[in-house]
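Undergrad:
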Amino acid sequence: MQRLYDSVEPRVMDEHMLKLAVEEQGPQEEAGPLARQEGILFKDVLSLRLDFQNILHIDSLWQFENLRKLQLDNNIIEKIEGLEHLVHLVWLDLSFNNIEAIEGLDTLVNLEDLSLFNNRISKIDSLDALVKLQVLSLGNNQIGNMMNIIYLRRFKALRTLSLSGNPIAESEDYKMFICAYLPDLGYLDFRRIDDHMKDLARSKHQYSIDGLKQQEYLTQARLDDERARQEELKKHKVAFVEHLNGSFLFDSMYAEDVEGNKLAYLPGVGELLQAYKDKFVIICLNIFEYGLKEQEKRKLELDTFNECIQEAIQENQEQGKRRIAKFEEKHLLSLNAIREQSNLTNIEIKIVEYGEDITELFNVLMTLEMHLVEQLEETINMFERNITDLVALFIENVQSLMAQCRDLENHHHEKLLEISINTLERIVKGELNEDLPDDVRALFVDKDTIVNAVGASHDIHLLKIDNREDELVTRTNSWCTHLVDTIHKDEIMRNRRRVKEINQYIDHMQNELDNLECSDVID
Amino acid sequence: MEVLKEKVEEEEEAEREEAAERGEKVMRPVEMRREEPPMTQEMLRDLEKKLSEIEIVIPEQPSIITRDTFDISKLPLSYQSNTLKEEHLLQVADNFARQYSHLCPDRVPLFLHPLNECEVPKFVSTTIRPTLMPYPELYNWDSCAQFVSDFLSMVPLPDPLQPPSHLYSSTTVLKHQKGNCFDFSTLLCSLLIGAGYDAYCINGYGSRDLCQMDLTRDVCPLTMKHKEVVQEEEKVPPKKYAIKPPRDLSSRFEQEQEMKKQQEIKAEEEKRRKEEEQRLLEVEKAKIDPLHGLRVHAWVLVLSGKREVPESFFIDPFTGRSYSTQHDHFLGIESLWNHKNYWVNMQDCWNGCKDLVFDLGDPVRWEYLLLGTDKAHLSMAEDEEDGMNDDEDVENLGKEDEDKSFDMPSSWVEKIEVSPEVFETRCPNGKKVIQYKRAKLEKWAPYLNSNGLVCRLTTYEDLECTKTLEIKEWYQNREDMLELKHINKSTGLNIDYFKPGHPQALRVHSYKSMQPEMDRVMEFYETARVDGLIKREETPKTMTEYYQGRTDFLSYRHVDFGERVKKLALNSAESNPRPMVKITERFSRNPEKPADEDVAERVFLILEERIRLRYHCWDDRITASKREFLRRTEVDSKGNKIIMTPDMCISFEVEPMEHTKKLLYQYEAMMKLKNEEKLSRHQAWESELEVLEILKLREEEEEVHTLTISIYDAKRNEKSKEYREAMERVMHEEHLRQVEAQLDYLAPFLAQLPPGEKLTRWQAMRVKDECLSDFKQRLIDKANLIQARFEKETQELQKKQQWYQENQVTLTAEVEDWYLSYCSQAMFRIRILEQRLHRHKELAPLKYLALEEKLHKDPRLVEFLKVFV
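In the order they appear, the protein sequences are chains G and S. What the first sequence shows, in UniProt numbering, is residues 1 to 523, in sequence order. What the second sequence shows, in UniProt numbering, is residues 1 to 869, in sequence order.
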């Protein structure tokens, strides 16, 4: 069955070939000429068959963006490529080709049926994206390792699998193994797997499967944990207080602070540091909790606002719809009336009346819309004021809390300086008994050095605190501006859409009337 | 004390005199009594004279149940005599009555101890027999009262101005299913007290309507419309960001003027309406009753407290209705009693019962007969009134002293029992008719009418009940699940209501005629139907269907029909459906499709070959896409069929799309619509067929009207009855067989031997042989007997044949016929005898062997015989 491409002339997948195929497989009978007359756009094609064409390279398919079903069987394709844009593909047939590896399918997330029958594949992989896969045909390939089956466990929807004609299919345990490891499978090699078989297989491979399950479960649990943590962090980020529910800020203050760490070896500094840290963390926690609370408040405010706006818009829409429905009723009647009238002057009168009706409808709809715009503007401005106030208050309070942090730092700095100078004096006097690491001892050469070192540590700390504060304030402010901007923009968009819609509708009506006039004139 | 006694004696004498006087003066108005100016002797005599002229024709009504209708000797002993305690109670009661008449000489004597069916005086309280019935329906007061009013038929009091002389036991009343108001009240009171209510029998005065159970001035409770409870919508507090309403630019002054004008109009209307009402009321008002306030009636009082009764109320036992204690119908109370005590009303009844206070613990308002019942004195009231009531207390002293330890004897009445059959039948003979104002209510017991009718309410337009307005009929246990039939005579509209379970899932069917293609509305239980149809409305020219919960989201289909085309062809047997002119279908939103591909309304104008589509609206839009197809098949200049041209499809799109502009798309859409049109037409046609089918089914059901019988109803369920009878038969046969099996073959032979002695082996052998030989003889005899009969028959036949052959020529046809039939019968007999003989010959040895076997196993012989086996 293997075809060598030097025995036949490979063909290139070009525009012409595709066009031919599309036309051939397009609408038939009466609709056929119609379709040919208008031409079929590639992006409207849902299904395409390209079998027995001696294709070597898959190419030129990027235009078929809505394709659901693609058949490329019985060609001499060696590599899966050029299918990235066919994201709606559900059915892909690549059987009877010369493919050696599974690749290039990562964007086809909707794929349900994949056939790679009679190729040269030796390993099942690169199918991770195909979460909806139900039917997989891999018969007549060169898969030799049973462990490939375990890879297929991740496809929860997989019901049909064919692997006959592979080296593994010759193994004695082949069927049992697959039934055991893929318990949800319904058909193997086009045969139904009965329950008895499943039970048998399960009991046979129970031990290894349990191990595997345990492993999978653990991985899953880890993933879930990670996801939960990410969620939590995201929530904190929205409140602008991420990493403030612990000693993260404090630790970061000391992470880049070489001198500070050195000074920690001084006698008495350890306790001082501990006390400082405790107090600092408490303030951080305060900020954190306050931030979450404020976030709730903002959210509530925003929700109320959105709800009210939606209600107002809904009601306005209902009014508009009612108006239009009333008009349509009348419209049908008056159209009929005009059609039935035989007197030309009467017709003209009717047409004028009708035209007036349309104008009136236009006025009414536009007035409604203008009312709504005015009302919404007022409300939006009110909301803007409130949310800005809320944010300002939040920033103010956070800043005062941050100031407490700074005070703590200053206090700590003074204490540290005192201890350092004391230590220096004692070193100078030679009273110091404790062992100090050499690099620490190196700081205590003279007063300037030690003061500088302590000062540098202090500066770093203050900088960190300032940075955190700045970050919070900027982000909060930018969030607020962004929110208000979006609301304004959305409202403008809505208004434009509505006006456009009304105009479109009125134009359509007017057109219809004009057509009527024309046809009357012709009659 | 002595002074008191003297006084009492004096009073007694006066009382006696007065009683004698009262014998003549039957009509002593209760109400007038109070305003009576002091009468002189002459005036009295004058009055007497005048009164004696007035003759009251008391209808010759025998006492409710005449003596001969039941045998008092069969009644239990407690009915026929009084126990010592009861005697004592009667004495106490007499004493009480004496004192009472002494104290209140102007009041009528108390109703204390009427005679029972055995002419024995019984105290009224002991006639109440608290009973809890085994039927859950009788646990609540309303159903209980309804039961009593349904179950007994009402007999008026022999003298409407006096309590009856007899008060029968509830068991007797129930047996005869009729009674007066006292019987009704006693029974109802017994049931209510048994069910845990705080209920009392009342002897008092009622209006004429009440006493005569005349409901013709009452509105039937079934016709009263339920007042719809208007639930006040909870006012949602305006939200923070609620938009402000647009400025109101209309003039307030003008609004006010308008309001004023409208109010004036309204007031005028109101006035007119009131006048009209007044007029109507005048018409309806009853004639003035000359005996108003004198008619004696008995009813039931239920006091609040027990069984979560929030407020005290009266129950009229005749109608089973409840009234507030302030109701106009109740004009006064003499006394009331339950099974434990007896109270006399000491309050003034000038204003009916409106001002009465039912605090039985208050000795000023209610004089009690026995002390120490569960109605405790209200301590507060007692403290306050102690000082004021000293004299009364003193008067009561003597009585209280003797009675202190005395309590009410238990009831002399047997347990009240109602069998389930009688309970189900309810009304006497299972039928009851009540006449209301402009309405007549008829009730039947279930299964009494073959069509399942249990209740019929006829409402009339006028007070004389001549013009029927509407009829409502309630049914039960019908196989077609018909529940209520509502016939409106004025509009001719019939509405049938069905319970779930009709074969076509019909719920309501309203129609004017059973002819098809007329105005009718059918409602269905949509969950029971595959197509989710809720309602189908029909007029002669249209049919509208409403659906719910369909997978294709169809919610509405409206079909307009045109004139029926007259068929020239002769195939009249085939149905000739009306041509459909227009089909309108509406769909609810399919959330899976985008709004401008989800059709909201589809109109097929079949004659014009036009198809109109209206799509759903996007959530944030006010206009919806539209498309109109003109289905014309034309031929162009070259003779080719034009398949699709741009002017065949007019469309308006809210969001213009490219692919819909294509002719191909439009062509495909039109082809699809064509198919769907065919489908819709077919469905409409099927609906028409279904209507016909339902109508046919309904007609059949009306004719047959079979009733269903619950499988638990052992009495009526024929199948189970048959089964049970079959079981009984089998049991009986089994029993017979057993008896036979126990038949002792040896008895006659053993009897020949001397009794009481043990058998010897020789005797046993002999017994066995005798038994066997006897049996053998019997078999032979039987065979001989059959043989003899057989021969006799054969001979006779031969004789006849001979005779026939001799006289064959002279015989008439009749005789010949007779001969032939005789021959065939004789042949039949001969054949039967022959068969019997054969059978006997076959079976006889077997029977013989079976007997031998049996004898071998006989316990009396077995030990002697087993050696030889």
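Beta carbons: idealized from backbone N, C-alpha and C, even for Gly.
Determine the contact status of Val90 of chain G and Arg68 of chain G, defining contact as a CB-CB distance below 8 angstroms.
TA: Sequence index remark: in the first sequence, residue 90 of chain G carries index 90 (1-based). Sequence index remark: in the first sequence, residue 68 of chain G carries index 68 (1-based). Yes, the pair counts as a contact, with Cβ atoms nearer than the cut-off.
Undergrad: Report yes or no: do the region 142-155 of chain S and the region 316-325 of chain S share at least 3 C-beta pairs separated by less than 8 angstroms?
TA: yes
Undergrad: Can you list, in chain order, the residues of its chain whose CB lies under 7 angstroms from that of Asn54 of chain G, leaving out five sequence neighbours each side?
TA: For the purposes of this step, residue 54 of chain G is identified with residue 54 of the first sequence, where counting begins at 1. These residues qualify, in order along the chain: Val8, Glu9, Pro10, Arg11, Asn75 and Ile76.
Undergrad: When you compare the CB positions of Thr539 of chain S and His558 of chain S, do they come within less than 8 angstroms of one another, or not?
TA: Translated into positions along the second sequence, residue 539 of chain S becomes position 539. Translated into positions along the second sequence, residue 558 of chain S becomes position 558. No.
Undergrad: Identify which residue in G:Asp470, G:Arg229, G:Leu335 and G:Glu340 has its Cα closest to the Cα of Glu353 of chain G.
TA: Within the first sequence, residue 353 of chain G is the residue found at index 353, counting from 1. Of G:Asp470, G:Arg229, G:Leu335 and G:Glu340, the residue nearest in Cα terms is G:Leu335.
Undergrad: In chain G, which residues lie less than 8 angstroms from Thr542 of chain S when you measure between Cβ atoms?
TA: Within the second sequence, residue 542 of chain S is the residue found at index 542, counting from 1. Near Thr542 of chain S there are no residues of chain G at all, since even the closest Cβ is about 17 angstroms away, more than 8 angstroms.
Undergrad: At what residue ranges does the region 234-258 of chain G contain a whole run of the beta strand (DSSP E), taking only runs of 3 or more?
TA: none
Undergrad: Tell me which same chain residues have a C-beta within less than 8 angstroms of the C-beta of Ser450 of chain S, skipping the five on either side of it?
TA: By 1-based counting over the second sequence, the position of residue 450 of chain S is 450. Same-chain partners within the cutoff: His705 and Leu707.
Undergrad: Since Glu469 of chain G meets chain S, which of its residues come closer than 7 angstroms, beta carbon to beta carbon?
TA: For this step, residue 469 of chain G is matched to residue 469 along the first sequence. Per Cβ cutoff of 7 angstroms: no residues; Glu469 of chain G is ~31 angstroms from chain S at best.
Undergrad: Is Ile209 of chain G helix, strand or coil when you go by DSSP?
TA: On the first sequence, residue 209 of chain G is found 209 positions in, with the first residue counted as 1. If DSSP states are grouped into helix, strand and coil, Ile209 of chain G belongs with the helices.
Undergrad: Counting beta carbon pairs with one atom in the region 456-463 of chain G and one in the region 418-434 of chain G, are three or more of them shorter than 8 angstroms?
TA: no
Undergrad: Span of the alpha helix (DSSP H) holding Ile694 of chain S?
TA: Reading the second sequence from its first residue, position 694 is the one you call residue 694 of chain S. Unbroken alpha helix (DSSP H) run through Ile694 of chain S: Leu663 to Val704.
Undergrad: Are Cys220 of chain S and Leu463 of chain S close, meaning C-beta to C-beta below 8 angstroms?
TA: Position 220 of the second sequence holds residue 220 of chain S. Position 463 of the second sequence holds residue 463 of chain S. Taking 8 angstroms as the Cβ cut-off, Cys220 of chain S and Leu463 of chain S do not qualify as a contacting pair.
Undergrad: Run the CB neighbour count on Trp818 of chain S, radius 10 Å, all protein chains shown included, and call it buried at 16 or more, exposed below.
TA: By 1-based counting over the second sequence, the position of residue 818 of chain S is 818. When all chains shown are included, Trp818 of chain S counts as exposed.
Undergrad: Can you name the start and end residues of the alpha helix (DSSP H) that Ala844 of chain S belongs to?
TA: To locate residue 844 of chain S, count along the second sequence from 1; it is residue 844. Per DSSP, Ala844 of chain S belongs to the alpha helix (DSSP H) from Ala813 to Lys857.
Undergrad: Where do the ends of the alpha helix (DSSP H) carrying residue 870 of chain S lie?
TA: Only positions 1 to 869 of chain S appear in this structure, which leaves residue 870 of chain S out of reach.
Undergrad: Select from S:Asp519, S:Met213 and S:Glu479 the residue whose C-alpha is nearest the C-alpha of Pro156 of chain S.
TA: Taking the second sequence and counting its residues from 1, the one referred to as residue 156 of chain S is at position 156. Comparing Cα positions, the closest option is S:Met213.
Undergrad: Would you check if the region 488-496 of chain S and the region 660-674 of chain S touch, i.e. whether three or more CB-CB distances between them fall below 8 angstroms?
TA: no
Undergrad: I want to verify the contact list: residues of chain S whose CB lies under 9 angstroms from the CB of Lys378 of chain G, in sequence order.
TA: Along the first sequence, one-based indexing puts residue 378 of chain G at 378. A quick correction: the sequence has Glu, not Lys, at residue 378 of chain G. By Cβ distance, chain S contributes Ile243 and Lys244.
Undergrad: Answer yes or no: do Asn166 of chain G and Ile143 of chain G have a C-beta to C-beta separation smaller than 8 angstroms?
TA: For this step, residue 166 of chain G is matched to residue 166 along the first sequence. For this step, residue 143 of chain G is matched to residue 143 along the first sequence. Yes; because the gap between Cβ atoms is below 8 angstroms, this pair is in contact.
Undergrad: Go through its chain and collect everything with a Cβ distance to Thr476 of chain G's Cβ below 8 angstroms, but skip five positions before and after it.
TA: In the first sequence, counting from the first residue as 1, residue 476 of chain G sits at position 476. Sequence-distant Cβ neighbours of Thr476 of chain G in its own chain, meaning closer than 8 angstroms and more than five residues away, are Phe240, Val391, Phe394 and Ile395.
Undergrad: Is Trp412 of chain S helix, strand or coil when you go by DSSP?
TA: Here residue 412 of chain S refers to the residue found at position 412 when the second sequence is read from its first residue. Reduced to three states, the DSSP call for Trp412 of chain S is coil.
Undergrad: Looking at the C-beta of Leu335 of chain G, does it have a partner C-beta in chain S at a distance below 8 angstroms?
TA: For this step, residue 335 of chain G is matched to residue 335 along the first sequence. It does not; no Cβ of chain S falls within 8 angstroms.
Undergrad: Out of curiosity, what's the CA-to-CA distance linking Leu506 of chain S and Glu701 of chain S?
TA: If you number the second sequence from 1, residue 506 of chain S lands on position 506. If you number the second sequence from 1, residue 701 of chain S lands on position 701. Going from the Cα of Leu506 of chain S to the Cα of Glu701 of chain S covers about 13 angstroms.
Undergrad: Tell me which residue opens and which closes the beta strand (DSSP E) that Ala298 of chain S is part of.
TA: Translated into positions along the second sequence, residue 298 of chain S becomes position 298. Element bounds for Ala298 of chain S: Val296 to Leu303.
Undergrad: To the nearest angstrom, report how far apart Ala684 of chain S and Ser651 of chain S are at their CA atoms.
TA: For the purposes of this step, residue 684 of chain S is identified with residue 684 of the second sequence, where counting begins at 1. For the purposes of this step, residue 651 of chain S is identified with residue 651 of the second sequence, where counting begins at 1. One C-alpha to the other measures close to 27 angstroms.
Undergrad: Got a sec? Which residues, its chain only, sit under 7 angstroms from Leu397 of chain S by beta carbon, not counting five neighbours each side?
TA: Translated into the one-based positions of the second sequence, residue 397 of chain S becomes position 397. Summary for Leu397 of chain S: the model assigns pLDDT 42, below 50, so the residue's position carries little reliability, and this model does not support an answer.
Undergrad: Work out the CA separation of Ile711 of chain S and Asn717 of chain S for me, nearest whole Å.
TA: As a first step, residue 717 of chain S is located in the second sequence; it is residue number 717 there, counting from the start. As a first step, residue 711 of chain S is located in the second sequence; it is residue number 711 there, counting from the start. Approximately 7 angstroms, taken between the alpha carbons.
Undergrad: How would you list, in chain order, the residues of chain G whose beta-carbon sits under 7 angstroms from the beta-carbon of Arg621 of chain S?
TA: Working through the second sequence from its first residue, we reach residue 621 of chain S at position 621. Within chain G, the residues near Arg621 of chain S are Glu501.
Undergrad: Output the distance between the C-alpha atoms of Val364 of chain S and Leu356 of chain S, rounded to the nearest integer angstrom.
TA: The residue given as residue 364 of chain S occupies position 364 in the second sequence. The residue given as residue 356 of chain S occupies position 356 in the second sequence. Rounded to the nearest whole angstrom, the C-alpha separation of Val364 of chain S and Leu356 of chain S is 12 angstroms.
Undergrad: Taking only beta-carbon positions, decide if Glu38 of chain G is within less than 8 angstroms of chain S.
TA: Position 38 of the first sequence holds residue 38 of chain G. True, the Cβ-Cβ gap to chain S drops below 8 angstroms.
Undergrad: Is the beta carbon of Ser207 of chain S closer than 8 angstroms to that of Thr186 of chain S?
TA: Translated into the one-based positions of the second sequence, residue 186 of chain S becomes position 186. Translated into the one-based positions of the second sequence, residue 207 of chain S becomes position 207. The answer is no: Cβ separation not under 8 angstroms.
Undergrad: Under the three-state reduction of DSSP, which class applies to Glu863 of chain S: helix, strand or coil?
TA: Position 863 of the second sequence, counted from the first residue, corresponds to residue 863 of chain S. Correct three-state label for Glu863 of chain S: helix.
Undergrad: What is the C-beta distance between Glu793 of chain S and Ala751 of chain S, in whole angstroms, given that I count them as a contact (C-beta under 8 angstroms)?
TA: Here residue 793 of chain S refers to the residue found at position 793 when the second sequence is read from its first residue. Here residue 751 of chain S refers to the residue found at position 751 when the second sequence is read from its first residue. With a Cβ gap of about 39 angstroms, Glu793 of chain S and Ala751 of chain S do not count as contacting.
Undergrad: Anything in chain S within Cβ reach of Phe305 of chain G, meaning under 7 angstroms, just list it in chain order.
TA: The count along the first sequence starts at 1 and reaches residue 305 of chain G at position 305. Within chain S, the residues near Phe305 of chain G are Tyr241.
Undergrad: DSSP on Ile347 of chain G, reduced to helix/strand/coil?
TA: Translated into the one-based positions of the first sequence, residue 347 of chain G becomes position 347. Residue state, collapsed to three classes: helix.
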